[in-house]
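Q: Heads up: the sequence lines are chains A and B, in that order. In terms of the UniProt record's numbering, the first sequence has 177 at position 177, counting the first letter as 1, and numbering is strictly consecutive. In terms of the UniProt record's numbering, the second sequence has 45 at position 45, counting the first letter as 1, and numbering is strictly consecutive. In this text, a Cβ means the ideal position worked out from N, Cα and C, and glycines have one as well. The structure follows.
There are 2 protein chains.
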Amino acid sequence: MEEKIKIAKTYDIVTKDIKDKIIDGTLKMGDRLPSEREMAEKFGVSRTSIREAIRALEVIGIIESRRGAGNYIVDNFNNSLLQPLSMMFMLQEYSALDILELRESLEIQCCKMASKIISKKEIEVLNNIVIDMSETTNEDKSLDLDIKFHNVIIKASNNPLIINVLSVISQLMDKFIKDARKIILCKDDNREKLLGTHKDIVLAIESKDESKCVDSMKNHFELIKESYIKIN
Amino acid sequence: MEEKIKIAKTYDIVTKDIKDKIIDGTLKMGDRLPSEREMAEKFGVSRTSIREAIRALEVIGIIESRRGAGNYIVDNFNNSLLQPLSMMFMLQEYSALDILELRESLEIQCCKMASKIISKKEIEVLNNIVIDMSETTNEDKSLDLDIKFHNVIIKASNNPLIINVLSVISQLMDKFIKDARKIILCKDDNREKLLGTHKDIVLAIESKDESKCVDSMKNHFELIKESYIKIN
């Protein structure tokens, strides 16, 4: 057990040291790390502990170890890095309102940004999703279309930070959309209303009118909130 | 090298499997995982690969291994889990505008929520920060106060999802505030203006008026945006 505590502590020290260097700009993507021997000496811990800490960072995809050439910060990230954090967000069991408040504020922002720069092709994709939504009666297909609709707008915002933040919690969002649809569609005439709010969002984006974007997204989320309040 | 690819793949398979079980609700915090032998058989990989994948999840703080009792999902998360992701966000080098758009939308939301439920004590903390801000001429102290000011409002929103999302990118935000202050304070009369926007935010929260909260935060971010646009 003591050995484990030692490794966990070394991991914390090593990650903190690397992060500090990233913050002050001395380490960037693709850069080489000091040797394991140098790190062991610097932090006064065994090379085994250093190796295991580095190994964990390698497995999760932050560091790349090149045989005989040392350890490097990766030069591009893949999705596996997001998995552990995505898990943490899934385990926390946030309330529907917590999720709604986050989604509403970020999607209003994305909608406003998207309206300024969205391409004709993306508008066409959104219009086609709405047509498919109106034609299908299969809920699995409707759910996929709903998730896709929001992702097209998020991506069209062209803000890589917001896109990355939302991708970290995308599973949480997808599950929320699934649960929310079930609750909203308990009431028969809500299917048309929900479709209507999606149509309005596309019209608002097309109009490039910022206040229409805000209002259409607000109405969309209002419908979801109302349904939750009526149930709970 | 092949061995490494095998372990990385096993890590991906194991994390995906655990995550799927978290999503469908069969695994919760504190739950026991299947034994390493069972997992090795299920996925058709060696126990060594499974052990190393589990080890990485343990080092980063998702799994806790209890001697002789197996592996468990942790029952509370500590900050070290956020470190690798925080690093990823630091390495991406987002533009000032990307960061401003994310912060503005989430902080407007936090300000609105906070205004409904903030305690008298928290209002007092905000007022004291503004007084300290007006009295100090030391930029390091001013920076700390600025960061603290925004964190008090974020925390007062009482939305744990937004708080967690912002804590993942807090280092990115702190660095942004530091850089933004340098740019804003190049112009002499901006010190008073910046202080004024902070004062207005407290008044808006105190008034519990939603539109005042939105306006005061917008004005605050407008001042930052203007300074950036003038420089770039």
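Can you pull the chain B neighbours of residue 248 of chain A, defined as C-beta to C-beta under 8 Å?
A: Residue 248 of chain A falls outside the range modelled here, since chain A spans only 1 to 232, and no answer is possible.
Q: Could you tell me if Ala114 of chain A is buried or exposed, where buried requires 16 or more neighbouring beta carbons within 10 angstroms of its beta carbon?
A: On the first sequence, position 114 is the one that residue 114 of chain A refers to. Buried is the call here.
Q: In this structure, does DSSP put Tyr94 of chain A in helix, strand or coil?
A: Within the first sequence, the letter at position 94 stands for residue 94 of chain A. Three-state DSSP puts Tyr94 of chain A in coil, outside helix and strand.
Q: Check whether the Cβ of Pro84 of chain B lies closer than 8 Å to any Cβ atom in chain A.
A: Within the second sequence, the letter at position 84 stands for residue 84 of chain B. Yes, because at least one Cβ of chain A sits closer than 8 Å to the Cβ of Pro84 of chain B.
Q: Counting only runs that start and end within the stretch 31 to 58 of chain A, where is the alpha helix (DSSP H) found for 4 or more residues in a row?
A: Those alpha helix (DSSP H) runs which fall completely within the stretch 31 to 58 of chain A and span 4+ residues are 36 to 43.
Q: Is Ile22 of chain B close to chain A, meaning its C-beta is less than 8 Å from at least one C-beta of that chain?
A: Numbered from its first residue, the second sequence carries residue 22 of chain B at position 22. Answer yes: the Cβ-Cβ gap between Ile22 of chain B and chain A drops below 8 Å somewhere.
Q: Can you pull the chain B residues whose beta carbon is under 8 Å from the beta carbon of Leu57 of chain A, in chain order?
A: Here residue 57 of chain A is taken as the residue at index 57 of the first sequence, counted from 1. Pro84, listed in chain order.
Q: Using 8 Å as the cut-off, can you tell me whether the stretch 58 to 65 of chain A makes contact with the stretch 107 to 124 of chain A, which would need three or more C-beta pairs spanning the two stretches below that distance?
A: Too few Cβ pairs lie closer than 8 Å, so no.
Q: Against chain B, with Cβ distances strictly below 8 Å, would Met1 of chain A count as a contact?
A: In the first sequence, residue 1 of chain A corresponds to position 1, counting from 1. Confidence at Met1 of chain A is low in this model, with a pLDDT of 48, below 50, so the placement of that residue is unreliable and no value is reported for it.
Q: My output table needs one value for Gly25 of chain A: the three-state DSSP class, helix, strand or coil.
A: By one-based count along the first sequence, residue 25 of chain A stands at place 25. The answer is coil: DSSP assigns Gly25 of chain A none of H, G, I, E or B.
Q: For Val152 of chain A, which residues of its own chain have a beta-carbon under 8 Å away from its beta-carbon, when the five flanking residues on both sides are left out?
A: Position 152 of the first sequence, counted from the first residue, corresponds to residue 152 of chain A. So the qualifying residues of the chain are Glu122, Val125, Leu126, Ile129.
Q: Looking at chain B, which residues of the stretch 203 to 228 of chain A have a Cβ within less than 7 Å of any of its Cβ atoms?
A: The stretch 203 to 228 of chain A vs chain B, Cβ under 7 Å: nothing.
Q: Can you list, in chain order, the residues of its chain with a C-beta nearer than 7 Å to that of Glu36 of chain B? Leave out the 5 residues immediately preceding and following it.
A: Here the question's residue 36 of chain B lines up with position 36 in the second sequence. Answer for Glu36 of chain B: Arg47, Ile50, Arg51, Ile54, listed in chain order.
Q: Alpha carbon to alpha carbon, what distance is there between Lys16 of chain B and Thr26 of chain B?
A: Counting from one through the second sequence, the residue named residue 26 of chain B turns up at place 26. Counting from one through the second sequence, the residue named residue 16 of chain B turns up at place 16. Each residue's Cα considered, the two are about 14 Å apart.
Q: My understanding is that Ile201 of chain A touches Ser216 of chain A, with C-beta atoms under 8 Å, so please give their C-beta distance in whole angstroms.
A: Taking the first sequence and counting its residues from 1, the one referred to as residue 201 of chain A is at position 201. Taking the first sequence and counting its residues from 1, the one referred to as residue 216 of chain A is at position 216. Indeed they touch by this definition, with Cβ atoms about 5 Å apart.
Q: Which residues does DSSP list as the beta-bridge partners of Ile73 of chain B?
A: Along the second sequence, one-based indexing puts residue 73 of chain B at 73. DSSP lists B:Ile63 as partners of Ile73 of chain B.
Q: Would Lys6 of chain A pass as an interface residue toward chain B - the criterion being a Cβ-Cβ separation below 8 Å?
A: In the first sequence, counting from the first residue as 1, residue 6 of chain A sits at position 6. No - not a single Cβ of chain B is within 8 Å of the one on Lys6 of chain A.
Q: Taking only three categories from DSSP, how would you classify Asp215 of chain B?
A: Working through the second sequence from its first residue, we reach residue 215 of chain B at position 215. In this structure, Asp215 of chain B counts as helix in the three-state DSSP scheme.
Q: Under 8 Å, do Lys19 of chain A and Met39 of chain B count as touching if we go by C-beta distance?
A: Counted from its first residue, the first sequence places residue 19 of chain A at position 19. Counted from its first residue, the second sequence places residue 39 of chain B at position 39. Not a contact, by the Cβ cut-off of 8 Å.
Q: Assuming Asp179 of chain A and Leu161 of chain B make a contact with CB atoms under 8 Å, what is their CB distance in whole Å?
A: As a first step, residue 179 of chain A must be located in the first sequence, where it is residue number 179. As a first step, residue 161 of chain B must be located in the second sequence, where it is residue number 161. The Cβ separation is near 15 Å, so there is no contact.
Q: Return no unless some Cβ of chain B is closer than 8 Å to the Cβ of Ile139 of chain A.
A: Counting from one through the first sequence, the residue named residue 139 of chain A turns up at place 139. Just to set this straight, residue 139 of chain A is Glu in the shown sequence, not Ile. So, not an interface residue.
Q: Just the chain B side, please: which residues come within less than 8 Å of Thr15 of chain A by C-beta, in chain order?
A: Locating residue 15 of chain A in the first sequence gives position 15, counting from the first residue. Per Cβ cutoff of 8 Å: Ser80, Gln83, Pro84, Met87.
Q: Look at the alpha carbon of Glu135 of chain A and the alpha carbon of Val165 of chain B, and state the distance between them as a whole number of angstroms.
A: Position 135 of the first sequence, counted from the start, is the residue given in the question as residue 135 of chain A. Position 165 of the second sequence, counted from the start, is the residue given in the question as residue 165 of chain B. In a straight line, the C-alpha of Glu135 of chain A is about 37 Å away from that of Val165 of chain B.
Q: Considering only residues of the same chain and omitting the five flanking positions on each side of Glu206 of chain A, which have a CB-CB separation below 7 Å?
A: The count along the first sequence starts at 1 and reaches residue 206 of chain A at position 206. So the list reads Ile123, once near-sequence residues are dropped.
Q: Here's the rule: buried if 16 or more other CB atoms are within 10 angstroms of the residue's CB, otherwise exposed. What is Cys111 of chain B?
A: Within the second sequence, numbered from 1, the residue matching residue 111 of chain B stands at position 111. That one is buried.
Q: Comparing C-alpha positions only, which one of A:Lys116, A:Leu57, A:Arg103, A:Asn159 sits nearest to Gln83 of chain B?
A: Position 83 of the second sequence, counted from the first residue, corresponds to residue 83 of chain B. Checked all of A:Lys116, A:Leu57, A:Arg103, A:Asn159; the closest Cα to Gln83 of chain B is A:Leu57.
Q: Assuming contact is defined by CB atoms lying nearer than 8 Å, are Arg191 of chain B and Leu143 of chain B in contact in what I supplied?
A: Position 191 of the second sequence, counted from the start, is the residue given in the question as residue 191 of chain B. Position 143 of the second sequence, counted from the start, is the residue given in the question as residue 143 of chain B. For Arg191 of chain B and Leu143 of chain B, no; Cβs fall outside 8 Å.
Q: Could you tell me the distance, in whole angstroms, from the CA atom of His150 of chain B to the CA atom of Arg66 of chain B?
A: To locate residue 150 of chain B, count along the second sequence from 1; it is residue 150. To locate residue 66 of chain B, count along the second sequence from 1; it is residue 66. About 40 Å.
Q: Do you know whose CA, among A:Lys225, A:Glu226, A:Lys212, A:Ile224, lies nearest Lys116 of chain A's CA?
A: The residue given as residue 116 of chain A occupies position 116 in the first sequence. Here the closest residue by C-alpha is A:Lys212.
Q: At 9 Å on the CB atoms, spell out the chain A contacts of Glu52 of chain B, in chain order.
A: On the second sequence, position 52 is the one that residue 52 of chain B refers to. Residues of chain A passing the Cβ test: Arg55, Val59.
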